[in-house]
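J.: What follows is a single structure, and I will ask about it in a moment.
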Amino acid sequence: MLPEAQEKREGGDNMILPVSLPTDKVYPNVVLGGTFDRPHVGHLVMLSAALLRCNGRLVCGMADGPLLRKKILTELIRPLKERMAGLAQLVEELDPSVELHAVPIEEPLGPTAWDPNMDMIVVSEETKGGVAAINRVREEKGLPLLEGHVVTLVEDEERQSAEEETKASSSSGRMRLLGTILQEPTPNPAIPAQPCVIGLTGGSASGKSSVARRLARLGASVVDCDKLGHEAYLPETACHKALVDAFGSEIVGEDGHINRRALAARVFNSEAARQQLNSIVWPEIERLVEQRVAQLRAEGTSVVVLDAAVLLEAGWDRLCHQVSTLVVFRWSSYGCDVLNEMNRDSWKYW
């Protein structure tokens, strides 16, 4: 019950009932769609509206793949299996009598474009225009048209920044995850407990070096894997010889060092060559990382930050107690607030 409806109910005979609408009927087959990432009050309202009007099958189109690309902080959207499990649990709690069919969709219409066994669709004020589009497609295919029920957007009472949406949304929830620990670190018995090694990774220009410098100012020792990559194939090293054997003497410059540009040209258009390069260089970088961490341990260092763009791809997370991934977020006052908070009390986030 919405609070105002509850007040009217408590008022007894003076309660004003809503005007009857076609979508106040109950249907055998009801459909709705969404990302359903980390359920919030808006999801509860949408699902409740659908379940109140369903006495049989509820089809939920779960956005995935291409439909997620333009979402804010798409990197933080939970995997499809987790979202489907969360939705199933929510429906079970709200109305276990309804048969839930959660369907992954990678294009906007999903099963509404082909499933003849649908009667009514629940949409929000933002997506109500989609009902007409869906019915045009269904009419062209000779499918029964859907009735639509529009749910009013729910205001987000927990809004923390002007960057967040005024409505309750998963996007705002993901913004609030910035600068927080998503998963409590678990012990890594394969490596010594000290120093604590934090793997720092992320895409190009995601801010790894900037964050590493901040953590260094707080006392961490930073191991830059890109610099170790240069060290890995210095002249007269085994890695240098292996690269020349694999890609030819043309990759060696006049000074005897590997010409990175020439090497990149050899592997740029060949996945096989790229994998061969990685199989030669990555193990040597890993050896140098272990060597450097052991040296820092002997010096009494308590925290080491391992800065590596390919940390996960190379499997170097096995050398870490914890991994933090940086994602590019629209620079704004919100981003400044997150970084300022990190600067004040960084270790609680790392």
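Take 1 as the starting number for the sequence shown in full-length UniProt numbering and just add one per residue.
Ideal Cβ placement from N, Cα and C applies to all residues, glycine included.
What you are looking at is a predicted structure, and each value in this text was computed from that prediction instead of being measured.
Which residue wins for smallest C-alpha separation from arginine 318, given the options Ala308, Ala133, Val327?
T.: Here residue 318 refers to the residue found at position 318 when the sequence shown is read from its first residue. Checked all of Ala308, Ala133, Val327; the closest Cα to arginine 318 is Ala308.
J.: May I ask which residues mark the beginning and end of the beta strand (DSSP E) holding glutamine 160?
T.: To locate residue 160, count along the sequence shown from 1; it is residue 160. That residue, glutamine 160, is in no beta strand (DSSP E); it is neither H nor E in DSSP.
J.: Give a yes or no on contact between the segment 284-298 and the segment 186-204, applying the rule of three or more CB pairs nearer than 8 Å.
T.: The answer is yes - the segment 186-204 touches the segment 284-298, with three or more Cβ pairs under 8 Å.
J.: Contact defined as beta carbons within less than 8 Å: I believe methionine 62 pairs with valine 98. What is the distance between those atoms, to the nearest angstrom?
T.: Position 62 of the sequence shown, counting from 1, holds the residue named residue 62. Position 98 of the sequence shown, counting from 1, holds the residue named residue 98. With a Cβ gap of about 16 Å, methionine 62 and valine 98 do not count as contacting.
J.: What are the residues that DSSP puts in a beta bridge with serine 169?
T.: Stepping through the sequence shown from its first residue, residue 169 is reached at position 169. BP columns for serine 169 are empty, so no partner.
J.: Under the assumption that leucine 311 contacts valine 293 (Cβ atoms under 8 Å), give the Cβ distance between them as a whole number of angstroms.
T.: Stepping through the sequence shown from its first residue, residue 311 is reached at position 311. Stepping through the sequence shown from its first residue, residue 293 is reached at position 293. With 8 Å as the limit, leucine 311 and valine 293 do not qualify as a contact, their Cβ atoms being about 14 Å apart.
J.: Mind reading off the beta-carbon distance from valine 137 to leucine 109? Whole number of angstroms is fine, and I expect it under 8 Å.
T.: Along the sequence shown, read from residue 1 onward, the residue named residue 137 stands at position 137. Along the sequence shown, read from residue 1 onward, the residue named residue 109 stands at position 109. Correct: roughly 6 Å between the Cβ atoms.
J.: Is it the case that the Cβ atoms of arginine 174 and leucine 76 are separated by a distance below 8 Å?
T.: Locating residue 174 in the sequence shown gives position 174, where the first residue counts as 1. Locating residue 76 in the sequence shown gives position 76, where the first residue counts as 1. Their beta carbons are under 8 Å apart, which means arginine 174 touches leucine 76 by this criterion.
J.: If I follow the unbroken alpha helix (DSSP H) through glutamine 89, where does it start and stop?
T.: On the sequence shown, residue 89 is found 89 positions in, with the first residue counted as 1. Where glutamine 89 is concerned, the enclosing alpha helix (DSSP H) stretches over 80-94.
J.: Expressed to the nearest angstrom, what Euclidean distance is found between the alpha-carbon atoms of leucine 263 and glutamate 82?
T.: Residue mapping note: residue 263 aligns to position 263 of the sequence shown, counting from 1. Residue mapping note: residue 82 aligns to position 82 of the sequence shown, counting from 1. So the alpha carbons of these two residues sit roughly 42 Å apart.
J.: Would you mind sorting isoleucine 181 into buried or exposed? The rule is 16 or more other CB atoms within 10 Å of its CB.
T.: For the purposes of this step, residue 181 is taken as residue 181 along the sequence shown, with counting starting at 1. Exposed.
J.: Out of Gln291, Thr35, Val211, which has the shortest C-alpha to C-alpha gap to lysine 70?
T.: In the sequence shown, counting from the first residue as 1, residue 70 sits at position 70. That would be Thr35, whose Cα lies nearest to the Cα of lysine 70.
J.: Rounded to whole angstroms, what's the CA-CA distance from histidine 101 to lysine 128? Just pull it up for me.
T.: Counting from 1 along the sequence shown, the entry for residue 101 is found at position 101. Counting from 1 along the sequence shown, the entry for residue 128 is found at position 128. Rounded to the nearest angstrom, the two C-alpha atoms are 22 Å apart.
J.: Rounded to whole angstroms, what is the Cα-Cα separation between lysine 25 and arginine 53?
T.: Numbered from its first residue, the sequence shown carries residue 25 at position 25. Numbered from its first residue, the sequence shown carries residue 53 at position 53. Going from the Cα of lysine 25 to the Cα of arginine 53 covers about 6 Å.
J.: Report the three-state DSSP secondary structure of glycine 129 (helix, strand or coil).
T.: Locating residue 129 in the sequence shown gives position 129, counting from the first residue. Glycine 129: helix per DSSP, three-state reduction.
J.: Take the Cβ of tryptophan 316 as the centre, count every other Cβ of all protein chains shown within 10 Å, and call the residue buried at 16 or more, exposed below.
T.: If you number the sequence shown from 1, residue 316 lands on position 316. Flag for tryptophan 316 reads buried.
J.: Please report the distance separating the alpha-carbon of arginine 176 from that of serine 169.
T.: Reading the sequence shown from its first residue, position 176 is the one you call residue 176. Reading the sequence shown from its first residue, position 169 is the one you call residue 169. Their backbone Cα atoms lie some 11 Å apart in a straight line.
J.: According to DSSP, is leucine 47 part of a helix, a strand, or is it coil?
T.: Residue 47 sits at position 47 when you count from the first residue of the sequence shown. Leucine 47: helix per DSSP, three-state reduction.
J.: What is the residue span of the beta strand (DSSP E) that glycine 56 lies within?
T.: Here residue 56 refers to the residue found at position 56 when the sequence shown is read from its first residue. Glycine 56 -> beta strand (DSSP E) spans 54-63.
J.: For histidine 230, count neighbouring Cβ atoms within 10 angstroms of its own Cβ and tell me buried if that reaches 16, exposed if not.
T.: On the sequence shown, position 230 is the one that residue 230 refers to. Exposed, since its Cβ has fewer than 16 Cβ neighbours within 10 Å.
J.: If you measure between the beta carbons of leucine 32 and valine 122, is that distance less than 8 Å?
T.: Counted from its first residue, the sequence shown places residue 32 at position 32. Counted from its first residue, the sequence shown places residue 122 at position 122. Yes. Within cutoff.
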